[in-house]
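Participant: In my numbering, the protein residues as written are 227 to 314. Ideal Cβ positions, reconstructed from N, Cα and C, are used throughout, including at glycine.
Set out below in structure tokens:
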């Protein structure tokens, strides 16, 4: 893992439960505002999806974007967090 990839994962780890950020916001946070695709590629290879909440990162247009578990799962996870609901 490169230092830049590590910085992406560290930035994503700071996104609070129930909130979302865009790929562009994460790119800007790590000091590379034009690196949106790099952020997406890094998150697609996220080795710790339980610890690094990549599901909280969405597209600039507000759409869900891709997710290793599928977009339906990503949407359900975001809705659960937004509602502060804990699944059984």
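1) Is residue 248 near the ligand NAD, in the sense that its beta carbon is under 8 Å from a heavy atom of that ligand?
2) Are residue 283 and residue 241 close, meaning C-beta to C-beta below 9 Å?
3) Under the rule that 16 or more other beta-carbon atoms within 10 Å means buried, what is residue 301, buried or exposed?
4) Alpha carbon to alpha carbon, what distance is there between residue 263 and residue 247?
5) Can you tell which of 269, 260 and 227 has the C-alpha that lies nearest to the C-alpha of residue 238?
Facilitator: According to the data block:
1) In terms of ligand content, the structure shown is empty, and the ligand NAD therefore cannot be addressed.
2) Contact flag set, yes.
3) The residue in question, residue 301, is exposed, as its Cβ has fewer than 16 Cβ neighbours within 10 Å.
4) Roughly 14 Å separates the two Cα atoms.
5) Among 269, 260 and 227, the Cα nearest to that of residue 238 belongs to 269.
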